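Taking it in order: structure first as structure tokens, then the write-up.
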Amino acid sequence: MPKQSAVVPETIGAVVAAATPLPKPTRVFSFPPPRQPTREGRLTQLELGGGGGAARANAWVDSMRASSPTHARAAAVAAATAADGEHAAWLVKHPSALDKFEQIISASQGKQIVMFLDYDGTLSPIVDDPDAAFMSDAMRAAVKKVAKCFPTAIVSGRCRDKVFNFVKLAELYYAGSHGMDIEGPAKASKHAKKGKRVLFQPASEFLPMINEVYQALLEKAKSVPGAKVENNKFCVSVHFRCVDEKSWKLLAEQVNSVLREYPKLTPTQGRKVLEIRPTIKWDKGKALEFLLESLGFADSVDVLPIYIGDDRTDEDAFKVLRERGQGIGILVSKSPKETNASYSLQEPAEVMELLLSLVKWKQQMLKAHSRG
Ligand SMILES: [Mg+2]
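Under the UniProt record's numbering, read the sequence shown as residues 1 to 372, first letter to last.
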């Protein structure tokens, strides 16, 4: 086993250890990032090749359905899985981070915790209008307290400015556009390296192309009631939270017709959103590694990254933690999902509870230390 072993519930740890020896943490990203997505990268991408336009659009609709169940279907699925015990079995593999708080704390002994937080569905509820995905004041206060105790980054698919306007905390690191737009704290922070302002945009050459595609998609989406196109600077999001399921195929065809002209862009699937991104191998996992290096923890064994997220795109970060054999991935989900995360939380309210528990624990530690 490597020096620092994965902090995962025992059952998964055993499976992982048996299947693949955990590599020592290394700097695995390169500058500039390679253009070709890896095999793993392709797994979350929608299939573009073969089958002709209609077949391709149908495949997309299947994928949209699979990753975006309606509330009614999600409830039916949850009831069914609870009935056959699948959910319970899943919770054994991915226990609640609140129930296993002591385990998390003991893993952090002698290590610097670094917090990575997704925004939508993690700090804010998923709502119909993506522009109205506000976080509560209580959640903002909790994140502020966490950032006082540990270096903290928000890692989101949204454009950095937009996610900053939701969170409004200048002391955090922000990685927008799925990590393709990273900036360090605007406000002086005890965690930031002195005199070194972080700014990293690995896909800047794609900006004109992204703007062009945004305009084209905006025009095309007009024919699909409820569709909303969002320019996230280094990627474009086509939200279908408010699109009737009957129109999903039409929307997929419209998006497909635009993307045919842009082979350097690729669609990926999120929760009720299609995201169009440059085909560079840069994702939330790479952003996590970049930020760890920026904080001076590139090859350190004295760091415990904790990443909390709810989306497929967060899996890239969970996977990095698992491969490094270092850190804790926590998936926010009410129902069983295939995931590389070790622990789970049900909803943003539980995320807040965990954040506040970490703050309380850290404050107690500091008090005990100052007394001792
Ligand atoms: Mg999310």
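Virtual Cβ for every residue (Gly too), placed ideally from N, Cα, C.
Nothing here was measured: the structure is a model prediction, and the numbers come from that model.
Item, Value
"Cα-Cα separation, Ser-335 to Gly-85", "12 Å"
"With 16 other Cβ atoms within 10 Å as the buried cut-off, status of Glu-47", "Legend: pLDDT at Glu-47 = 46, less than 50; position of this residue unreliable, value from coordinates given subsequently. By the 10 Å Cβ count, Glu-47 comes out exposed."
"Nearest candidate by alpha-carbon position, reference Arg-158, set Glu-338, Phe-234, Asp-128 and Glu-245", "Phe-234"
"DSSP-derived helix/strand/coil call for Ser-333", "coil"
"Best match in Leu-345, Leu-292, Glu-353 and Pro-202 for proximity to Val-303 [C-alpha to C-alpha]", "Leu-292"
"Assigned secondary structure, residue 442 (DSSP; H/G/I helix, E/B strand, else coil)", "Here the chain has residues from 1 to 372 only, and residue 442 is not among them."
"Buried versus exposed call for Leu-358 [16 or more other C-beta atoms within 10 Å across all chains shown]", "buried"
"Alpha-carbon spacing of Lys-168 relative to Lys-187, whole angstroms", "11 Å"
"Any non-hydrogen atom of ligand 1 closer than 6 Å to Asp-316 Cβ", "no"
"Asp-311 CB to nearest heavy atom of ligand 1 below 6 Å", "yes"
"Which listed residue (Met-139, Pro-95 and Asp-283) has its alpha carbon closest to that of Gly-175", "Note that residue 175 is Ala in the sequence shown here, rather than Gly. The residue with the shortest Cα to Cα distance from Ala-175 is Asp-283."
"Asp-118 to Arg-371 span [Cα, whole Å]", "36 Å"
"Inside the region 201-244 only - alpha helix (DSSP H) runs reaching at least 4 residues", "207-221"
"Any non-hydrogen atom of ligand 1 closer than 6 Å to Asp-120 Cβ", "yes"
"CB of Val-273 within 7 Å of CB of Thr-122, strictly", "no"
"Helix, strand or coil at Arg-27 [DSSP, three-state]", "Bear in mind that a pLDDT of 32 at Arg-27, under 50, signals an unreliable position, so the number given afterwards is only what the model happens to contain. Arg-27 falls in the coil class under three-state DSSP."
"Neighbourhood of Arg-35 by C-beta, 8 Å cutoff - its chain only, sequence neighbours within 5 removed", "Legend: pLDDT at Arg-35 = 38, less than 50; position of this residue unreliable, value from coordinates given subsequently. Contacts found: Thr-279, Ile-280 and Lys-281."
"Euclidean distance between Cα positions of Ala-57 and Phe-150", "45 Å"
"CB-CB length for Val-198 against Leu-217, believed under 8 Å", "In fact, because the Cβ distance is near 31 Å, the residues do not count as touching under 8 Å."
"The region 306-318 / the region 254-270 touching (three or more Cβ pairs under 8 Å)", "yes"
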